[in-house]
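Remarks on the structure that follows.
Residue numbers (the working numbering): 607 to 923.
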């Protein structure tokens, strides 16, 4: 298998989780039965899920990098999370950098959390040639569009080779120019409205995923793109303003696999699986979306992330 390296840019946090015996009633008090702390943040979660499949394959040509603010230090840092250090995020091999251009590793992929957008715009301008939208380097750029209302987030779409979009963010875009918001009742309506309002701001080579929770995801590609030719003979899709989109539902094996235990981080898990599918397995966008649904679905049936790739038949893709 060829080498693959990814840089994740985003925030890193310590999550505190309190376990309670049941969902609290309104205006009631409920005592927690246990407390635990764990690593948190969209990018660390995604890199952690990716690390599992890399370790399982015992592949020595993989490199995982994290870039972000660490603790109270406002300067950024790059952490080399190569295989021996995957279990130790706070490894001593963390070198402060003033700009992303210094100590810049050779990369296959860059994945970015959509926050601190003004800073990200400067970073992306340096990595790409924005006026021609051609890449200076060979890496793919994926961006996580999660929270509506973040200033400058919409401007990042022009840099995204792959866009991961929450239903809430897609709905906020779809509603911006819709006088009658009551018409946006279904997920398909939201996707249509989103593509209608923002389609002209996307690269024609962009692959997009809109996640819709227990109902799976929607994947969209430009009608005349090479991606469309790869999937149009396998799947039946819908068309909106020059964009083809497909609804990928969660498989029955996952939806009937047991009670939902924990949905926190399912979106980050989905992103990790899609990046693996597109960047490593070289799947088409629909196949990668199906893989993302399966792995994210398995995560919802368990606590934490350990073992989310177990029993996933990678070879079938």
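Where a beta carbon is used, it is the ideal one built from N, C-alpha and C, also for glycine.
For the 7 Å CB-CB criterion, residue 670 and residue 612 form a contact. Secondary structure of residue 766 (DSSP, three-state): coil.
Residue pairing from DSSP places residue 853 in a beta bridge opposite 824. From the listed residues 877, 902, 896, the smallest Cα separation to residue 869 is found for 902.
Here residue 874 carries a helix assignment [DSSP, helix/strand/coil].
Taking residue 727 as the centre and dropping the five residues before and after it, the same chain places the C-beta of 758, 761, 762 closer than 8 Å to its C-beta, in chain order.
In this structure, residue 619 and residue 647 form a Cβ contact; the two beta carbons are roughly 5 Å apart against a cut-off of 8 Å.
In this chain, the beta strand (DSSP E) harbouring residue 719 covers 715-719. For a cut-off of 8 Å, the C-beta gap from residue 867 to residue 808 is around 36 Å, too long to register as a contact. Of the residues assessed, residue 828 falls on the buried side of the cut-off, its CB having 16 or more other CB atoms within 10 angstroms.
Residue pairing by DSSP places residue 622 opposite 643 in a beta bridge. Residue 640 and residue 652 have their C-alpha atoms roughly 26 Å apart. Using a 10 angstroms sphere on the CB of residue 848, the tally of other CB atoms stays under 16, which defines it as exposed. Secondary structure of residue 914 (DSSP, three-state): coil.
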